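Asker:
There are 2 protein chains.
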Amino acid sequence: MLEEGYAAVTVRRVAKVAGVSSTLLHYYYPTADDLLIAIYRHRSGQDLVQLQRALDAPDPICALWAYQTDSARTALGVEFLALANHRKAIRGEIARFAEYSRSLQTKTLSRLLDGSGVTAGCSPVCLSMLLTSVSRNLIMESGVGIASGHGEARAYVESALARLRRSWERDR
Amino acid sequence: MLEEGYAAVTVRRVAKVAGVSSTLLHYYYPTADDLLIAIYRHRSGQDLVQLQRALDAPDPICALWAYQTDSARTALGVEFLALANHRKAIRGEIARFAEYSRSLQTKTLSRLLDGSGVTAGCSPVCLSMLLTSVSRNLIMESGVGIASGHGEARAYVESALARLRRSWERDR
DNA sequence: GTCTATATAATGATAGAC
DNA sequence: GTCTATCATTATATAGAC
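Listed in order, the protein sequences are those of chains A and B.
Everything in the first sequence is counted per this note's numbering, starting at 1275 for the first residue and increasing by one.
Everything in the second sequence is counted per this note's numbering, starting at 1275 for the first residue and increasing by one.
1. For A:G1419 and A:R1439, what's the separation of their Cα atoms in angstroms?
2. Give, in chain order, every unbroken run of the alpha helix (DSSP H) that is at least 4 residues long and sits entirely within the region 1347–1422 of chain A.
3. My understanding is that B:E1367 touches B:I1413, with C-beta atoms under 8 angstroms, so please give their C-beta distance in whole angstroms.
4. Terminal residues of the continuous alpha helix (DSSP H) containing B:T1297?
5. Taking 7 angstroms as the limit between beta carbons, can you name the residues of its chain near B:L1355, skipping five residues before and five after?
6. What do you reckon, are the CB atoms on A:H1360 and B:E1278 nearer than 7 angstroms?
7. Assuming B:E1353 contacts A:C1396 under a Cβ cut-off of 8 angstroms, what Cβ separation, rounded to an integer in Å, is found between them?
8. Quick check: what's the CA-CA separation for B:Y1302 versus B:Y1314?
9. Taking 6 angstroms as the limit between beta carbons, can you name the residues of its chain near A:K1362, skipping five residues before and five after?
10. Select from A:S1402, A:D1308 and A:S1296 the residue whose C-alpha is nearest the C-alpha of A:R1365.
11. Just verifying my parser: in three-state terms, what is the DSSP assignment at B:R1446?
12. Determine the direct distance from the alpha carbon of B:S1433 to that of A:S1407, and round the result to whole angstroms.
13. Against chain A, with Cβ distances strictly below 7 angstroms, would B:C1414 count as a contact?
14. With DSSP run on the structure shown, which of helix, strand or coil describes A:G1279?
15. Any idea if A:L1298 is buried or exposed, counting beta-carbon neighbours within 10 angstroms, 16 or more meaning buried?
16. Spell out whether any CB of chain B is found under 7 angstroms from the CB atom of A:A1363.
17. For the alpha helix (DSSP H) holding A:D1321, just list the boundary residues, first then last.
18. Against chain A, with Cβ distances strictly below 7 angstroms, would B:M1275 count as a contact?
19. Interface residues of chain B around A:H1424 at Cβ under 8 angstroms?
20. Assuming B:S1441 contacts B:F1371 (C-beta within less than 8 angstroms), just tell me the rounded distance between them.
Quick look at the structure:
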């Protein structure tokens, strides 16, 4: 999926990589959508573990940004988002996880920011949305060789997050 | 492409919609990639006209944001970006236009911001990159029914742009 | 459970008539 | 230029042997 896109992930090819016949996959996952949903559930379960670990880290803001800028994970996330955009059957699954992930991030950011005089300039859910936007676009564009503005955007986000972290540490 | 994704755009289906045989398309565009590149060039040419119009508007900042949040155009742009990510043959074409679009935006933003005491908090190319990121993620997520944080992010960006516009108008 | 064989449909691309 | 007919490949999915 990472190398050739979601459309290249077919029952036959997954079966071949797994070393089984395609009919066996159909036995466990009747349709191709069922297989893709199973793959997504497996991935998102792993992602959730890593996200929670980041949010529980001593420096959650920095850890969250590191989580979001992991290129393999984010590229896969974008791929599934594109898939969900055109496959109604798995849309709900992707939307549900994305909303849950955002709510987890929002909860932690709220705890960090609301408890003191720290202000991020925007609400916690807004901050989560903005960080996701920038990391996704960095990964999408990098994939095709677009680079202008990337260093600047990365530096801007990181300095804003550092400022946020400092004021949070000063306040507690 | 908008409704079913780039993978659903085949030579045969384009021919059917156009009311010609698929071999005629192969006559003009030998390979499927050639056809997709031609489609992209047609689209990006139109986009460029509209982008330039926005940058020449009385209020370029507001017009640029309107251009970027046009959902049909941005959704198509994301689709081509995903396509380019997995089709080496058309990658260069997409990257070239994206870089050019960003440079045009950067030039206009520089003119607005550098000429006076106005500071956006980040460099012009950074601002262009951030706006693109947010608008793309708004459109991608909306497509699958994700909405949390959208209202907040939109309001945040728009108030930041309004602040920028006011200080720019005050300075000139 | 796991396989081979197969039905059906769609793909990119080409040959060759006109 | 534009078409019909076709090749080779791949896709999802099912039937049925073991």
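We treat Cβ as the ideally placed atom computed from N, Cα and C, and that holds for glycine.
Quick caveat, the model's predicted, so the values are computed rather than measured.
Answerer: Quick look at the numbers:
1. Along the first sequence, one-based indexing puts residue 1419 of chain A at 145. Along the first sequence, one-based indexing puts residue 1439 of chain A at 165. Going by the C-alpha atoms only, they are around 32 angstroms apart.
2. Runs found: 1362–1388 and 1398–1418.
3. Residue numbering aside, residue 1367 of chain B sits at position 93 when the second sequence is read from its first letter. Residue numbering aside, residue 1413 of chain B sits at position 139 when the second sequence is read from its first letter. Going by Cβ atoms, the distance from B:E1367 to B:I1413 rounds to 21 angstroms, so no, they are not a contact pair.
4. Here the question's residue 1297 of chain B lines up with position 23 in the second sequence. Counting along the chain, the alpha helix (DSSP H) containing B:T1297 begins and ends at S1296 to Y1302.
5. For the purposes of this step, residue 1355 of chain B is taken as the residue at position 81 of the second sequence. The residues are I1368.
6. Mapped onto the first sequence, residue 1360 of chain A falls at position 86. Mapped onto the second sequence, residue 1278 of chain B falls at position 4. Against a cut-off of 7 angstroms, the Cβ pair of B:E1278 and A:H1360 comes out as a contact.
7. Counting from one through the second sequence, the residue named residue 1353 of chain B turns up at place 79. Counting from one through the first sequence, the residue named residue 1396 of chain A turns up at place 122. Contact flag wrong, Cβ pair sits at about 29 angstroms.
8. Reading the second sequence from its first residue, position 28 is the one you call residue 1302 of chain B. Reading the second sequence from its first residue, position 40 is the one you call residue 1314 of chain B. When rounded, the distance between both Cα atoms is 15 angstroms.
9. As a first step, residue 1362 of chain A is located in the first sequence; it is residue number 88 there, counting from the start. Excluding sequence positions up to five before and after A:K1362, its CB lies less than 6 angstroms from no other CB in the same chain.
10. As a position in the first sequence, residue 1365 of chain A is number 91, starting the count at 1. Measuring C-alpha to C-alpha distances from A:R1365 to each of A:S1402, A:D1308 and A:S1296 identifies A:D1308 as the nearest.
11. Taking the second sequence and counting its residues from 1, the one referred to as residue 1446 of chain B is at position 172. The answer is coil: DSSP assigns B:R1446 none of H, G, I, E or B.
12. On the first sequence, position 133 is the one that residue 1407 of chain A refers to. On the second sequence, position 159 is the one that residue 1433 of chain B refers to. Spanning the two alpha carbons is a distance of roughly 18 angstroms.
13. On the second sequence, position 140 is the one that residue 1414 of chain B refers to. Reading the sequence as shown, one finds Met at residue 1414 of chain B and not Cys. Yes, contact with chain A.
14. By 1-based counting over the first sequence, the position of residue 1279 of chain A is 5. It is coil, neither helix nor strand.
15. Counted from its first residue, the first sequence places residue 1298 of chain A at position 24. A residue is called buried when at least 16 other Cβ atoms come within 10 angstroms of its Cβ; A:L1298 does not meet this threshold and is exposed.
16. By 1-based counting over the first sequence, the position of residue 1363 of chain A is 89. No - not a single Cβ of chain B is within 7 angstroms of the one on A:A1363.
17. To locate residue 1321 of chain A, count along the first sequence from 1; it is residue 47. Following the DSSP letters along the chain, one finds A:D1321 inside the alpha helix (DSSP H) bounded by residues A1306 to L1329.
18. To locate residue 1275 of chain B, count along the second sequence from 1; it is residue 1. In terms of beta-carbon proximity, B:M1275 stays away from the interface with chain A, with every pair separated by 7 angstroms or more.
19. Looking up residue 1424 of chain A in the first sequence gives position 150. M1403, listed in chain order.
20. Counting from one through the second sequence, the residue named residue 1441 of chain B turns up at place 167. Counting from one through the second sequence, the residue named residue 1371 of chain B turns up at place 97. The pair is not a contact, with the Cβ atoms about 31 angstroms apart (cut-off 8 angstroms).
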